[in-house]
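Counting from 1, position 156 in the sequence shown corresponds to residue 162 in my numbering; the numbering is continuous, with no gaps. Ideal Cβ placement from N, Cα and C applies to all residues, glycine included.
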Amino acid sequence: VASGTRGRVTKIPEYMTVLEISMKLKDALIAEGAEVKMTRETHDVNISNQERAKLMNGYGVDVVLRIHCDGVDNHSKHGIAVYCSKSNAIAAESYRACEAILPAVCEATGAKNNGVVSNDNYTGQNWSTVPCLMVECGFASNPEEDVLLNTDDYQWKLADGLTQGIIDYI
Numbered sequence: 007v008a009s010g011t012r013g014r015v016t017k018i019p020e021y022m023t024v025l026e027i028s029m030k031l032k033d034a035l036i037a038e039g040a041e042v043k044m045t046r047e048t049h050d051v052n053i054s055n056q057e058r059a060k061l062m063n064g065y066g067v068d069v070v071l072r073i074h075c076d077g078v079d080n081h082s083k084h085g086i087a088v089y090c091s092k093s094n095a096i097a098a099e100s101y102r103a104c105e106a107i108l109p110a111v112c113e114a115t116g117a118k119n120n121g122v123v124s125n126d127n128y129t130g131q132n133w134s135t136v137p138c139l140m141v142e143c144g145f146a147s148n149p150e151e152d153v154l155l156n157t158d159d160y161q162w163k164l165a166d167g168l169t170q171g172i173i174d175y176i
């Protein structure tokens, strides 16, 4: 269990930012009538990506969203990307979910669409037996996006866009 990246300007750890986004997403989905299962609702959780995937598999959810913020050495890089498995049994369906969700979240936020990336590099996706995607909500390493990612208004835009994308997918 790693804390992930850290905001370039705010210095806020990724795990804190993404939990705030995820809790807003949960509220937005519930408002639309969805049943939401979370792997964590507090910062004090010690669960591996493999265990998270198995938990969601056991729930039999329609789709798993893994919410993240990106961090790279190039501080001008910005935008949103969505990652899914390239070759497991649910790869094609996960890709279909990505194609519905990414445009909706980019439209809601005005963020650059960095595309769908298919690869087999992520444990959380490789162990999933239900459609699973990792949403990189922006770059914490980009000064402007770091600040945006940690504002209530932008977090709600992300949540609303993700919700619309899930509705489009379902």
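Residue environment for A98: exposed (fewer than 16 other C-beta atoms within 10 angstroms of its C-beta).
M140: member of the beta strand (DSSP E) spanning 138-145, first to last residue. The closest CA to that of G121, considering only A37, V153, G85, is found on G85. Closest option to I173, judged by alpha-carbon separation, among L35, K17, I27: L35.
DSSP, reduced to helix, strand and coil, places A87 within a strand of the structure shown. Contact check for V78 against Y175 fails: the beta carbons are separated by 8 Å or more. Within the same chain, Cβ atoms closer than 8 Å to the Cβ of V67 are found at K43, V136, the five residues on either side in sequence being excluded. Annotation for A103: V69, P137, L139, Y175 place their beta carbon closer than 6 Å to its own, counting only its chain and skipping 5 residues before and after. Closest by C-alpha distance to C112, out of A146, V88, Y101, is V88. Minimum Cα-Cα distance from S82 among the listed residues Y160, E150, D159, A165 corresponds to E150. At least 8 Å separates the beta-carbon of A106 from that of G167. According to the DSSP assignment, V70 belongs to the beta strand (DSSP E) that extends over 70-76.
Under the three-state reduction of DSSP, N120 is assigned to strand. Here Q131 has A59, R72, Y89, C90, S91, N94, S100, C138, L139, M140 as same chain residues with Cβ atoms under 8 Å from its own Cβ, once five neighbours each way along the sequence are excluded.
Under DSSP, R12 forms a beta bridge with P19.
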